[in-house]
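J.: Residue numbers for the sequence shown follow the numbering used here, beginning at 6 and rising by one. Every residue, glycine too, gets a C-beta built ideally from N, C-alpha and C. Remember, it's a predicted structure, so these values are computed and weren't measured experimentally.
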Amino acid sequence: MKTNKIFFKISLTILLLVFGFVSSSFTPENNEPSSVAPRVKNIILLIGDGMGITHISGLMSVSGHNLNMTTAKHIGFTQTHSYDNYVTDSAASGTAIASGKKTKNGMIGMDPDSNNVVLITEKVRKQKKMSFGVVSTSAVTHATPASFVAHNISRNDYEGIALDFVRTQPDVFIGGGKANFMNRRDQRDLIKVLERNDYEVVYTMEELKNADGEKVAGLLADEHMPRFSEGRDYMLAEATYKAIELLSRNDRGFFLMVEASQIDWGGHSNDAQYILEEAYDLDVALGVALTFALNDRNTLVLLTADHETGGMSLTGGNIEEKSIIAKFTTTTHTGVIVPVFAFGAGAEYFTGFYDNTELNEKMCEVLRLR
6 MKTNKIFFKI
16 SLTILLLVFG
26 FVSSSFTPEN
36 NEPSSVAPRV
46 KNIILLIGDG
56 MGITHISGLM
66 SVSGHNLNMT
76 TAKHIGFTQT
86 HSYDNYVTDS
96 AASGTAIASG
106 KKTKNGMIGM
116 DPDSNNVVLI
126 TEKVRKQKKM
136 SFGVVSTSAV
146 THATPASFVA
156 HNISRNDYEG
166 IALDFVRTQP
176 DVFIGGGKAN
186 FMNRRDQRDL
196 IKVLERNDYE
206 VVYTMEELKN
216 ADGEKVAGLL
226 ADEHMPRFSE
236 GRDYMLAEAT
246 YKAIELLSRN
256 DRGFFLMVEA
266 SQIDWGGHSN
276 DAQYILEEAY
286 DLDVALGVAL
296 TFALNDRNTL
306 VLLTADHETG
316 GMSLTGGNIE
326 EKSIIAKFTT
336 TTHTGVIVPV
346 FAFGAGAEYF
356 TGFYDNTELN
366 EKMCEVLRLR
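#1: Counting Cβ pairs closer than 8 Å, one from the segment 306–317 and one from the segment 344–355, do we hit at least three?
#2: Apply the 10 Å Cβ neighbour rule to glutamate 219 and answer buried if 16 or more other Cβ atoms are within range, or exposed otherwise.
#3: Return the chain-ordered list of same chain residues with a C-beta closer than 6 Å to the C-beta of isoleucine 268, the five sequence neighbours on each side being excluded.
#4: Just how far apart, CA to CA, sit threonine 334 and glycine 315?
#5: Kindly provide the ranges of any beta strand (DSSP E) runs that are 3 or more residues long and lie completely inside the segment 269–344, ordered along the chain.
#6: Just checking my contact of phenylalanine 141 with proline 150 at CB under 8 Å: how many whole Å lie between their CB atoms?
#7: Classify serine 104 as helix, strand or coil using the three-state DSSP reduction.
#8: So what does DSSP say about leucine 374, is it helix, strand or coil?
#9: Taking only the alpha-carbon atoms, compute the straight-line gap between glutamate 363 and isoleucine 102 and give it to the nearest angstrom.
#10: Hey, quick one: how far does the alpha helix (DSSP H) through alanine 77 stretch, first residue to last?
#11: Considering only residues of the same chain and omitting the five flanking positions on each side of valine 145, which have a CB-CB separation below 6 Å?
#12: Is DSSP giving tyrosine 359 helix, strand or coil here?
#13: How many Å lie between proline 175 and valine 198 at the Cα?
#14: Along the alpha helix (DSSP H) that carries asparagine 47, what are the first and last residues, could you check?
#15: Which two residues bound the contiguous alpha helix (DSSP H) that contains lysine 133?
Here's what the structure looks like:
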């Protein structure tokens with residue numbers, strides 16, 4: 006069992022001033038739990054891959070409770086098991102959230118019999134002519150972002166998943182994974198295909214900030230983005246801001262999925278410092294989403310996880326020093342429930358205990374999707 010003693014190393018006060026801390030006064034007019042689905046225009050879904058309650062509790066302790074996520078007034082919990090396994094992987098849980106259907110671990114956008122399932126991103130475009138996008142600190146072809154775009158029997162078929170990005174054509178996608186679009190085994194240059202399909206393809210954060218195309222692909226690394234502490238900086242918050250800016254040009258609304266991929270990797274490594282830095286980075290991105298929702302008043306913001314990783318527990322700490330002692334029980338995923346924090350329009354509809362497939366059903370209901 007690995008033990009970590011953690012003192013948070015990031016200047017929280019400065020970060021909150023830079024990106025804006027959304028006060029707890031940001032609550033929907035209706036504070037009562039609702040059994041009738043309200044109507045919303047936009048959804049911003051943020052997923053902390055592998056983020057469990059203990060990760061959040063640890064972050065609260067080391068941050069002095071100055072977090073956007075802890076301003077939530079409407080909180081739910083979801084079960085995460087896959088079709089055939091008590092402990093899910095990101096492919097099965099991502100598919101459940103994206104489609105409302107359980108599948109086997111390792112499968113993307115398919116049911117257990119390898120039939121394609123209909124994704125919420127496909128529904129919003131076909132039924133409502135809404136825009137959609139994905140942002141991730143991993144390769145965009147990794148399991149969670151892929152679950153909102155692709156259909157593949159194997160989460161490890163990164164080149165096949167990249168081809169699905171070309172076929173599906175999200176209005177915006179930002180993350181790593183450039184190598185899966187170039188230098189492929191089939192010799193196809195999918196970057197050129199994207200450009201022929203009117204994508205503005207950018208490769209740096211500076212280029213992304215200036216992007217203004219009708220469709221934008223931000224492929225910012227050959228594989229995954231680096232760790233927050235190793236040079237990624239505030240890519241997630243800045244990419245979230247840019248994606249919202251681009252997608253919100255559609256008067257019919259938009260759906261955006263934002264993933265903090267590397268909380269999971271910290272869990273696999275039993276590295277509490279890694280977990281907390283990445284979780285805080287997600288909270289900063291949440292602040293960007295909440296700022297938009299606060300001004301828009303017709304946007305639902307959801308923060309959840311696909312599963313917990315590491316079996317992390319807090320066995321001690323120091324309140325004055327803002328430090329924790331963390332222990333881990335596994336280097337893999339666990340089957341515990343994970344939280345859903347809901348903000349803005351329709352937030353009251355997402356309280357209670359439910360399955361991760363029901364999270365999809367609730368999102369479809371508030372968007373009036375069939």
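T.: Put simply:
#1: By the Cβ criterion, the segment 306–317 is in contact with the segment 344–355, since at least three pairs of Cβ atoms, one from each stretch, lie closer than 8 Å.
#2: Counted from its first residue, the sequence shown places residue 219 at position 214. The residue is exposed, with fewer than 16 neighbouring Cβ atoms inside 10 Å.
#3: Within the sequence shown, the letter at position 263 stands for residue 268. Contacts found: Gly53, Asp54, Gly55, Met56, Ile280, Glu283 and Ala284.
#4: As a working mapping, residue 334 is identified with position 329 in the sequence shown. As a working mapping, residue 315 is identified with position 310 in the sequence shown. Their backbone Cα atoms lie some 6 Å apart in a straight line.
#5: 304–309, 318–323 and 328–332
#6: For the purposes of this step, residue 141 is identified with residue 136 of the sequence shown, where counting begins at 1. For the purposes of this step, residue 150 is identified with residue 145 of the sequence shown, where counting begins at 1. Per the sequence shown, residue 141 should be read as serine rather than phenylalanine. Correct: roughly 4 Å between the Cβ atoms.
#7: As a first step, residue 104 is located in the sequence shown; it is residue number 99 there, counting from the start. Helix.
#8: Locating residue 374 in the sequence shown gives position 369, counting from the first residue. Correct three-state label for leucine 374: coil.
#9: Counting from 1 along the sequence shown, the entry for residue 363 is found at position 358. Counting from 1 along the sequence shown, the entry for residue 102 is found at position 97. Taking the straight line joining both Cα atoms gives about 8 Å.
#10: As a position in the sequence shown, residue 77 is number 72, starting the count at 1. For alanine 77, there is no enclosing alpha helix (DSSP H), as DSSP gives it neither H nor E.
#11: The residue labelled residue 145 in the question sits at position 140 within the sequence shown. Taken in chain order, the residues that qualify are Phe178, Gly180 and Gly182.
#12: For this step, residue 359 is matched to residue 354 along the sequence shown. In this structure, tyrosine 359 counts as strand in the three-state DSSP scheme.
#13: Walking along the sequence shown from the start, residue 175 turns up at place 170. Walking along the sequence shown from the start, residue 198 turns up at place 193. Near 14 Å, if we compare the C-alpha coordinates of valine 198 and proline 175.
#14: Counted from its first residue, the sequence shown places residue 47 at position 42. From DSSP, asparagine 47 is part of no alpha helix (DSSP H) but of the beta strand (DSSP E) over 47–53.
#15: For the purposes of this step, residue 133 is taken as the residue at position 128 of the sequence shown. Start and end: 125–133.
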